[in-house]
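Okay, structure first, notes after.
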Amino acid sequence: MPFAELQHDLDERAAQGLLRRRHVLESAQGANVTVGGQPYLSFCSNDYLGLASHPQLVAALRQGAQQWGVGAGASHLVSGHFAPHHQIEAQLADFAGKPAALLFSSGYLANLGAVQALAGRGDTIFADKLNHASLNDAMLLARANVRRYRHNDTAHLAQLLAQAQSGRKLVITDAVFSMDGDLAPLPQLLALCEQHDAWLLADDAHGFGVLGEQGRGSLFHFKSPRLIYMATLGKAAGVSGAFVAAEQAVIDTLVNHARSYVYTTASPPALSVALLQSLQLIRQGDGLRAHLRGLIEKLRAGLAGLPWKLMPSDTAVQPLIVGGNKETVMLSAGLRARGIWAPAIRPPTVPQGTARLRISLSAAHSAEDVAQLAGMLHDLAR
Ligand SMILES: *Cc1c(COP(=O)(O)O)cnc(C)c1O
8 MPFAELQHDL DERAAQGLLR RRHVLESAQG ANVTVGGQPY LSFCSNDYLG LASHPQLVAA
68 LRQGAQQWGV GAGASHLVSG HFAPHHQIEA QLADFAGKPA ALLFSSGYLA NLGAVQALAG
128 RGDTIFADKL NHASLNDAML LARANVRRYR HNDTAHLAQL LAQAQSGRKL VITDAVFSMD
188 GDLAPLPQLL ALCEQHDAWL LADDAHGFGV LGEQGRGSLF HFKSPRLIYM ATLGKAAGVS
248 GAFVAAEQAV IDTLVNHARS YVYTTASPPA LSVALLQSLQ LIRQGDGLRA HLRGLIEKLR
308 AGLAGLPWKL MPSDTAVQPL IVGGNKETVM LSAGLRARGI WAPAIRPPTV PQGTARLRIS
368 LSAAHSAEDV AQLAGMLHDL AR
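Plus 7 on top of the position in the sequence shown (first one is 1) and you've got the numbering used here.
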């Protein structure tokens, strides 16, 4: 029976402490959430600016639904491309400092589509070993040659680029690594791309809205046409979706060839109405970003002296490396018993032996929230 086989695999995963399950939220996203009837102080979301439940976004979505209905009804290339979609694309291009932008329904789909449309058989993709799963999956879909370089190791990348023969070259990287919180060496990567006539696709899922002037992301200073900027809109932007911003010819290529764009129903136009409002809050969000930076410093100071290693990260993603899977799950459970929710991240999401608590901060947190988390972790360490 195939069911028995599936169950056997699940039982094995459970025995290794690797079985994944979902937690049902009974409240809106925020610093304080309800799960299973219990209130928790949450350090789990990527809602870095606390916009996911912002009243102005809720109002924009409601107004958008009133004007445009609920469903797009078709793909963008048939009859599902609405004025709000078009408007948010123009604003995102301008915000990212690029000639054009294309809206996707999610970051996963944006990466699948962009990589597959820009590289194919005979081309070579160069990828950081710690890239997000969506970029890894995209490489498989593209059917190009794949060369993976050691995490942030530009010398290794240079070596691989020099070995590449004919065909297009595409370097792909997280701009802020999603499980480590560290940054890619973007100036060096871009210089290598110039030198080797390659494209650089940078995934700024965790930088957009948070880093850079007005939250324009990790790459706003880099004006190279070789740079293809991708960011998601379900994290700091608080809504849903993603976009790619690049030269017009790149965007037109995606419209024609990105299968995850062409063969899927457009996102509801009301979401784009909410995104227009979100972009305005991001532009005006220097206060939120300053508060978030303060919380990051406070957390890092508060976690000094713990037996677990806090990774060097200046971003809202603050990983505390515990090591073993079961130990990490126990630490997460210990916090949960004390009303704090911080997720245990285990292999294969991260390398073996580096299971961790992925603490993520949001401008929705207060300094007291962060102090409470630090205090509990010190208690649990004893
Ligand atoms: C979250 C994430 C994605 C996927 O974006 P979704 O909109 O959630 O599908 C892609 N890349 C990185 C680095 C991410 O963290």
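We put the CB at the ideal spot given by N, CA and C, even for glycine.
Selection from LYS176, ALA243 and GLY245 that minimises the alpha carbon distance to LEU234: Position 227 of the sequence shown, counted from the first residue, corresponds to residue 234. Answer by Cα proximity: LYS176.
DSSP has ARG365 in a bridge; who is on the other side? If you number the sequence shown from 1, residue 365 lands on position 358. BP columns for ARG365 point to PRO326.
Under 8 Å by Cβ, that's how I've got LEU306 and ALA381 pegged, so tell me the actual separation to the nearest angstrom. As a first step, residue 306 is located in the sequence shown; it is residue number 299 there, counting from the start. As a first step, residue 381 is located in the sequence shown; it is residue number 374 there, counting from the start. Between the beta-carbon of LEU306 and that of ALA381 there is about 7 Å, and that keeps the pair under the 8 Å contact cut.
Rounded to whole angstroms, how far is the Cβ of LEU196 from the Cβ of LEU207, which I believe are closer than 8 Å? On the sequence shown, residue 196 is found 189 positions in, with the first residue counted as 1. On the sequence shown, residue 207 is found 200 positions in, with the first residue counted as 1. Right, the Cβ-Cβ distance comes to about 6 Å (below 8 Å), so this counts as a contact.
Identify the residues that DSSP records as bridge partners of PRO314: which are they? Within the sequence shown, numbered from 1, the residue matching residue 314 stands at position 307. Among the bridge pairs identified by DSSP, PRO314 is matched with none.
For LEU167, count neighbouring Cβ atoms within 10 angstroms of its own Cβ and tell me buried if that reaches 16, exposed if not. Numbered from its first residue, the sequence shown carries residue 167 at position 160. Buried, because 16 or more other Cβ atoms sit within 10 Å of the Cβ of LEU167.
Enumerate, from N- to C-terminal direction, the unbroken beta strand (DSSP E) stretches of 3 or more residues contained entirely within the region 18-102. Those beta strand (DSSP E) runs which fall completely within the region 18-102 and span 3+ residues are 39-42 and 45-49.
N-terminal and C-terminal residue of the beta strand (DSSP E) that ARG155 is part of: Taking the first residue of the sequence shown as 1, we reach residue 155 at position 148. 152-156 is the span of the beta strand (DSSP E), which, as asked, contains ARG155.
How about ASP144: is its Cβ closer than 6 Å to a heavy atom in ligand 1? Your numbering for residue 144 matches position 137 in the sequence shown. Every heavy atom of ligand 1 is 6 Å or more from the Cβ of ASP144, so no.
Using the beta-carbon count (16 or more within 10 Å), is GLY401 buried or exposed? Past the boundaries of the shown model lies residue 401; the chain is included only from 8 to 389, so the question cannot be answered.
Following the continuous alpha helix (DSSP H) through TYR115, name the residue where it begins and the one where it ends. If you number the sequence shown from 1, residue 115 lands on position 108. The continuous alpha helix (DSSP H) containing TYR115 extends over residues 114-125.
Selection from SER267, LEU283, ASP160 and VAL122 that minimises the alpha carbon distance to TYR236: Position 229 of the sequence shown, counting from 1, holds the residue named residue 236. Proximity to TYR236 across SER267, LEU283, ASP160 and VAL122 peaks at VAL122, based on C-alpha coordinates.
Would you check whether ligand 1 has a heavy atom nearer than 6 Å to the C-beta of ALA249? Counting from one through the sequence shown, the residue named residue 249 turns up at place 242. Checking the Cβ of ALA249 against ligand 1 gives yes.
With three or more C-beta pairs closer than 8 Å as the rule, is the region 243-258 touching the region 95-109? With a cut-off of 8 Å, the region 243-258 and the region 95-109 count as touching, because enough Cβ pairs lie within range.
Select from ARG363, ILE352 and ILE289 the residue whose C-alpha is nearest the C-alpha of PRO314. Numbered from 1 along the sequence shown, position 307 holds the residue referred to as residue 314. Of the listed residues, the one whose Cα sits closest to PRO314 is ARG363.
Could you give the first and the last residue of the continuous alpha helix (DSSP H) run that contains LYS305? Counted from its first residue, the sequence shown places residue 305 at position 298. 293-309 is the span of the alpha helix (DSSP H), which, as asked, contains LYS305.
Quick one: grab the DSSP three-state call for THR180. Position 173 of the sequence shown, counted from the first residue, corresponds to residue 180. THR180 falls in the strand class under three-state DSSP.
Using the C-alpha atoms, what's the distance from CYS51 back to LEU32? Here residue 32 refers to the residue found at position 25 when the sequence shown is read from its first residue. Here residue 51 refers to the residue found at position 44 when the sequence shown is read from its first residue. Spanning the two alpha carbons is a distance of roughly 12 Å.
If we count the other Cβ atoms within 10 Å of its Cβ and call it buried at 16 or more, is PHE250 buried or exposed? As a working mapping, residue 250 is identified with position 243 in the sequence shown. With 16 or more Cβ atoms within 10 Å of its Cβ, PHE250 is classed as buried.
For LEU342 and GLN98, I'd like the C-alpha separation in whole angstroms. The sequence position of residue 342 within the sequence shown is 335, counting from 1. The sequence position of residue 98 within the sequence shown is 91, counting from 1. It is roughly 41 Å from the alpha-carbon of LEU342 to the alpha-carbon of GLN98.
Which one of ILE303, MET146, PHE89 and TYR268 has the shortest CA to CA distance from ALA371? On the sequence shown, residue 371 is found 364 positions in, with the first residue counted as 1. Measuring from the Cα of ALA371, the nearest candidate turns out to be ILE303.
Closest to LEU58 by C-alpha separation, out of ALA90, THR322 and SER247, would be which residue? Counted from its first residue, the sequence shown places residue 58 at position 51. The residue among ALA90, THR322 and SER247 with its C-alpha nearest the C-alpha of LEU58 is SER247.
Are the beta-carbon atoms of MET383 and ILE347 separated by less than 7 Å? Indexing the sequence shown from 1 puts residue 383 at position 376. Indexing the sequence shown from 1 puts residue 347 at position 340. Yes; because the gap between Cβ atoms is below 7 Å, this pair is in contact.
Tell me which same chain residues have a C-beta within less than 6 Å of the C-beta of LEU387, skipping the five on either side of it? For the purposes of this step, residue 387 is taken as the residue at position 380 of the sequence shown. Leaving aside the five residues that flank LEU387 on each side, the residues in its chain whose CB is nearer than 6 Å to its CB run, in chain order, GLY341.
Does the Cβ of ASN53 have 16 or more other Cβ atoms within 10 Å, making it buried, or fewer, making it exposed? One-based indexing of the sequence shown puts residue 53 at position 46. Answer is buried; the Cβ neighbour count reaches 16.
For TYR236: DSSP bridge partner residues: Here residue 236 refers to the residue found at position 229 of the sequence shown. Paired residue(s): ALA209 and ALA252.
For GLY37, which residues of its own chain have a beta-carbon under 6 Å away from its beta-carbon, when the five flanking residues on both sides are left out? Stepping through the sequence shown from its first residue, residue 37 is reached at position 30. Result list for GLY37: SER60 and ALA371, in chain order.
Same chain only: Cβ atoms within 6 Å of ARG365, ignoring 5 sequence neighbours per side: The sequence position of residue 365 within the sequence shown is 358, counting from 1. Excluding sequence neighbours, ARG365 sits near PRO326, PRO350 and ILE352.
Give me whichever residues DSSP pairs with ALA134 in a beta bridge. If you number the sequence shown from 1, residue 134 lands on position 127. ALA134 is bridged to ARG155 and ILE179.
Nearest-angstrom beta carbon gap, GLY120 and ALA151 [assumed within contact, 8 Å]: Counting from 1 along the sequence shown, the entry for residue 151 is found at position 144. Counting from 1 along the sequence shown, the entry for residue 120 is found at position 113. Contact between ALA151 and GLY120 is absent: CB atoms are separated by about 14 Å, not below the 8 Å threshold.
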